[in-house]
Amino acid sequence: MRRISTLHDVFARGDIVPWRVVLMTFVLISFGLGGCSGPKRTQPVETEPWPDPEPAAGTPTLLAVGLLEKAKSLELSADGPALVMDGASGRRLARLDGPGKVVCKRDGRKVAWQAGGLRGTSETVILQPLDPGHRVNHGEFEYRGEFLVRPTPGGEGLTLVNNLDLESYLRGVVPWEIGRHERNRMAALEAQAVAARTYTLSHLGTRKSRGFDLYASVKDQVYKGSADEDPLCNLAVDNTAGLVLRFEGREIEAYYSACCGGVSSNIEEVWARGPKPYLISKPDSPGADEDAYCSTFRHFHWREVWTAKRLEEIMRKSLPEYVKYMTQPGRTDWAGPVFSPRDGSASADRPGGLRNLEILARTTSGRVAQLAVTTDAGVYHVRGDRVRWVLKPSDGNPFILRSAMFEVELVRDGDHLVEVATRGRGYGHGIGLCQTGALVMAEQGNNVREILAHYYPGAVLDEVGP
Ligand SMILES: [Zn+2]
Numbered sequence: 001m002r003r004i005s006t007l008h009d010v011f012a013r014g015d016i017v018p019w020r021v022v023l024m025t026f027v028l029i030s031f032g033l034g035g036c037s038g039p040k041r042t043q044p045v046e047t048e049p050w051p052d053p054e055p056a057a058g059t060p061t062l063l064a065v066g067l068l069e070k071a072k073s074l075e076l077s078a079d080g081p082a083l084v085m086d087g088a089s090g091r092r093l094a095r096l097d098g099p100g101k102v103v104c105k106r107d108g109r110k111v112a113w114q115a116g117g118l119r120g121t122s123e124t125v126i127l128q129p130l131d132p133g134h135r136v137n138h139g140e141f142e143y144r145g146e147f148l149v150r151p152t153p154g155g156e157g158l159t160l161v162n163n164l165d166l167e168s169y170l171r172g173v174v175p176w177e178i179g180r181h182e183r184n185r186m187a188a189l190e191a192q193a194v195a196a197r198t199y200t201l202s203h204l205g206t207r208k209s210r211g212f213d214l215y216a217s218v219k220d221q222v223y224k225g226s227a228d229e230d231p232l233c234n235l236a237v238d239n240t241a242g243l244v245l246r247f248e249g250r251e252i253e254a255y256y257s258a259c260c261g262g263v264s265s266n267i268e269e270v271w272a273r274g275p276k277p278y279l280i281s282k283p284d285s286p287g288a289d290e291d292a293y294c295s296t297f298r299h300f301h302w303r304e305v306w307t308a309k310r311l312e313e314i315m316r317k318s319l320p321e322y323v324k325y326m327t328q329p330g331r332t333d334w335a336g337p338v339f340s341p342r343d344g345s346a347s348a349d350r351p352g353g354l355r356n357l358e359i360l361a362r363t364t365s366g367r368v369a370q371l372a373v374t375t376d377a378g379v380y381h382v383r384g385d386r387v388r389w390v391l392k393p394s395d396g397n398p399f400i401l402r403s404a405m406f407e408v409e410l411v412r413d414g415d416h417l418v419e420v421a422t423r424g425r426g427y428g429h430g431i432g433l434c435q436t437g438a439l440v441m442a443e444q445g446n447n448v449r450e451i452l453a454h455y456y457p458g459a460v461l462d463e464v465g466p
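Residue numbers (this note's numbering): 1 to 466.
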């Protein structure tokens, strides 16, 4: 499920820092997850002391992060001596004695490689530094761990995967997801590290058909390798090493978004999944009648305006896309009827002129649960968070509407719709941790345990393994 929008998305749209890249991940092996000896401790985050960090003593959890798919060719290098190996057998194909490169191209169902004056074909090819302190490089990016190259499943070209351990991966995730901050916000960075670690473990295997564990983009979590790690974010990862959030013994679905607008969401009212007792609607404030932690965020309040003509143009695409999206398995029952045609000749694929927008239902948190969009073709019943995809901003920035917590304002000239505006709060789906709220909680002296207990009520801090 696409997870929009975190602080990364805010940054990516040029508000702060132009960050953006796409990667992917998949877990190779997950030793210790359900593991040999089971969890060492079980501590409610609300009441128990913060466990001492105990870096994994056994085999680390390994991940496969998908960096690219359908690449025509790949030129990879290592910044020190490295081996080029056959991925299936582990057989050495070539040795690079110093900084050197391997070039890969697709050859039927195999990978054709060239390295160290040798060439050959293999089903998968691995580039592994002899010293784990060295890095592998692709383009301007460098990564811990090793590269694996395989033919892209069901497509042309090659898939580039970065195999590495979970804790190293998180160093390349945390700064891109929550940003770089001063030491007074450390507890929020730690909360982000725990949320990202938990998200990773709870999503292992969901991208298996792609040949990796997780995408390295907003589809999962943004990961950009080791070149731009942040010392405080690294410390946050180390301080929380091996700690995850669990509910009834399983890693929770640790969703997070940039700004909840003052109230978080019940997951089942936003997406066709859940409910989850730890992903519930609650005020993001220290107490009743107090300002939300995230209320000073610059996107806490926002307004988006379209001419009716421009919105009609956007909806010519977005409404049929919505109907198609909601008719996919697992969503139909949740959504209910999505299109009521005006007459027998009307088609959901051709919305025609825009006549009216009306909010028919709201979620517990006040987000739009159902928006009726009336066009020449009939009425589209837009449900949950998908209203953000239907009401895409005029200039494509941001890519979708900031949040589903909004009012609609219509300007008419007689019966004719002239302008549509939405006035709203928050940025993102509002499920789970509110990143801007967590940063303020940290500034106000709350520790990581208190922050996690606030955003994932009832979840328990636990150790990954061994
Ligand atoms: Zn918030």
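Ideal Cβ placement from N, Cα and C applies to all residues, glycine included.
Classify residue i as helix, strand or coil using the three-state DSSP reduction.
{"i": "ARG412", "result": "strand"}
{"i": "GLU463", "result": "strand"}
{"i": "ASP107", "result": "strand"}
{"i": "HIS301", "result": "strand"}
{"i": "ILE267", "result": "helix"}
{"i": "PHE380", "result": "First, the amino acid is wrong: residue 380 is Tyr here, not Phe. In the structure shown, TYR380 sits in a strand (DSSP, three-state: E or B)."}
{"i": "ILE400", "result": "coil"}
{"i": "ARG331", "result": "coil"}
Does any heavy atom of ligand 1 sit closer than 7 Å to the C-beta of residue i?
{"i": "TYR255", "result": "no"}
{"i": "THR436", "result": "yes"}
{"i": "ALA236", "result": "no"}
{"i": "GLY108", "result": "no"}
{"i": "GLY262", "result": "yes"}
{"i": "ASP284", "result": "yes"}
{"i": "ALA288", "result": "no"}
{"i": "TYR293", "result": "yes"}
Can you grab the Cα-Cα spacing for the pair residue i / residue j, in whole Å?
{"i": "ASP79", "j": "LYS208", "result": "30 Å"}
{"i": "ARG316", "j": "GLY225", "result": "39 Å"}
{"i": "LEU7", "j": "TYR427", "result": "9 Å"}
{"i": "GLY262", "j": "GLY384", "result": "18 Å"}
{"i": "THR307", "j": "LYS70", "result": "39 Å"}
{"i": "ALA216", "j": "LEU68", "result": "9 Å"}
{"i": "PHE26", "j": "VAL420", "result": "Interpretation of PHE26 is limited by its pLDDT of 30, a score under 50 that renders its predicted location unreliable; the figure taken from the coordinates is listed afterwards. One C-alpha to the other measures close to 43 Å."}
{"i": "ARG423", "j": "MET405", "result": "8 Å"}
{"i": "VAL305", "j": "VAL222", "result": "30 Å"}
{"i": "LEU452", "j": "ARG412", "result": "46 Å"}
{"i": "LEU160", "j": "THR206", "result": "18 Å"}
{"i": "HIS181", "j": "ASN239", "result": "16 Å"}
Which residues bound the beta strand (DSSP E) around residue i?
{"i": "TYR143", "result": "141–143"}
{"i": "LEU93", "result": "92–96"}
{"i": "VAL263", "result": "Where VAL263 is concerned, there is no enclosing beta strand (DSSP E), given that its DSSP letter is neither H nor E."}
{"i": "ASP165", "result": "158–165"}
{"i": "VAL473", "result": "What is shown of the chain runs 1 to 466, which leaves residue 473 out entirely."}
{"i": "GLU75", "result": "73–78"}
So, is residue i buried or exposed, given that buried needs 16 or more other C-beta atoms within 10 angstroms?
{"i": "ARG92", "result": "exposed"}
{"i": "ALA361", "result": "exposed"}
{"i": "ALA438", "result": "buried"}
{"i": "GLY414", "result": "exposed"}
{"i": "ASP220", "result": "buried"}
{"i": "HIS301", "result": "exposed"}
{"i": "HIS454", "result": "buried"}
{"i": "GLU167", "result": "buried"}
{"i": "LYS276", "result": "buried"}
Where do the N-terminal and C-terminal ends of the alpha helix (DSSP H) with residue i fall, by residue?
{"i": "LYS324", "result": "308–326"}
{"i": "ASN239", "result": "231–239"}
{"i": "ILE178", "result": "174–178"}
{"i": "VAL387", "result": "387–390"}
{"i": "GLY437", "result": "435–443"}
{"i": "ILE451", "result": "448–455"}
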